[in-house]
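Please read the structure below before turning to the comments.
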Amino acid sequence: MEEQEELMAVSEQGCQAGAPGDAVLRALAVKARGMSGADIERLVREARQKARRAHRQLVFSDVFDLLAAARPERSQALRWCMAIHEAGHAVARLVLDLGRITSIGIDGPAGGYTEGKTATTETETEAVFDGLLAVSLAGRAAEEELLGSVSAGAGGSPDSDMGKATALALAMETELGFGETWPLLYRHADNQTTMLAYNPPLAEQVNARLEAAYAQARELIRSNEDAVRFLANALMQHDTLEGTALVIVLKEVGKRVASADSDQ
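Quick note on the UniProt record's numbering: the sequence shown kicks off at 1 and runs consecutively.
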């Protein structure tokens, strides 16, 4: 609680210095992305001690610099792989017009991220869900198409790209009414792994959806390689893109996407 109050005080100092409070808090939040509450408390205590030793109040840079220093060090090769991966997600979302991108980064503790908002007015058709599958798998597709190999970054957990795509493809077959067989039979997956392991025909149908979405993602990346590489280079330069910087970069990406489409 004390740490939260001090962060708010730092934000107020930023406002007094001419920086919008929301922007100050957002800058801190971006650098703290993926950290646990305990990690953040430890860093704030360290920043507070630094300020006390200097006989002054805690300021924005005390916290921000420690948060930045706590980010994992990654090789340029790994950063480029992450940048290509996240650029693939973002370009796929733009090409398929599936909502608004709000943030892209390659400096998270657990890796890169692409955040966005899907329009709530979007009709939830099978085509839309197929597009979301392609977006989920577009990061891996970008690695394969532009780097010649894939990393394990798309898998590894239920919250990974492959985990989320599999869950959605399964839901399309069992819960959302898009199944090839028994489309009207609602079946809730209490245990996704068990359901797929003991129902080979269902597993084949789910995998067929994933394979089709991956093929779509690979074709999309091939057709928009220039846009993907441009965005990846911007991520290498900035680590995190959001706000005005993101808008500017995505505007240029959009021009390159349009150019790539017109050549097809």
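Beta carbons: idealized from backbone N, C-alpha and C, even for Gly. Nothing here was measured: the structure is a model prediction, and the numbers come from that model.
Buried or exposed by the 16-neighbour rule on C-beta atoms within 10 Å, applied to residue i
i    : result
E145 : buried
G112 : buried
E173 : buried
Y214 : buried
R209 : buried
I101 : buried
V247 : exposed
G177 : exposed
A119 : exposed
A92  : buried
A217 : buried
H188 : exposed
A152 : exposed
A47  : buried
A83  : buried
A54  : exposed
A197 : exposed
A77  : exposed
Three-state class that DSSP yields for residue i in the structure shown
i    : result
S151 : coil
M8   : Interpretation of M8 is limited by its pLDDT of 44, a score under 50 that renders its predicted location unreliable; the figure taken from the coordinates is listed afterwards. The answer is helix: DSSP assigns M8 an H, G or I state.
M1   : The pLDDT assigned to M1 is 42, lower than 50, so where the model puts this residue is not dependable; a value taken from the coordinates is nonetheless given after this. Correct three-state label for M1: coil.
T118 : coil
S160 : coil
T174 : helix
S75  : coil
G105 : strand
G179 : coil
R100 : strand
L241 : strand
Y113 : strand
K251 : helix
H85  : helix
D226 : helix
Y214 : helix
L137 : helix
L184 : coil
D190 : coil
Q57  : coil
N199 : coil
Q13  : Low local confidence applies: a pLDDT of 46 at Q13 is under 50, so the model's placement there is unreliable, with the coordinate-based value given in what follows. Helix.
T125 : coil
CB contact check: residue i to chain B, cutoff 8 Å
i    : result
R229 : Absent from the structure is chain B; it holds one protein chain and no more.
Whole-angstrom C-beta distance between residue j and residue i, which should lie under 8 Å
i    : j    : result
L86  : T114 : A small fix is needed here, since residue 86 is Glu in this sequence, not Leu. E86 to T114, Cβ: 5 Å. Contact.
L137 : A110 : Their Cβ separation, rounded to whole angstroms, is 19 Å, which puts L137 and A110 out of contact at 8 Å.
V253 : L235 : Their Cβ separation, rounded to whole angstroms, is 11 Å, which puts V253 and L235 out of contact at 8 Å.
D159 : R140 : Contact doesn't hold; Cβ gap of about 15 Å is too wide.
H89  : V135 : 6 Å
G155 : G163 : 7 Å
V44  : A51  : 11 Å between Cβ atoms; not a contact.
Residue i Cβ short of 7 Å to the ligand GDP heavy atom set
i    : result
Q216 : Looking at this structure, you won't find the ligand GDP or any other ligand, since it has none at all.
Pair every Cβ in the segment 172-192 with every Cβ in the segment 95-113, then say whether three or more of these pairs are closer than 8 Å.
no
Examine the Cβ distances between the segment 126-144 and the segment 169-179 and report whether three or more of them are shorter than 8 Å.
yes
Are there three or more Cβ pairs, one per stretch, closer than 8 Å when the segment 237-252 is compared with the segment 101-115?
yes
Segment contact flag, the segment 221-235 with the segment 58-65, C-beta cutoff 8 Å, min 3 pairs
no
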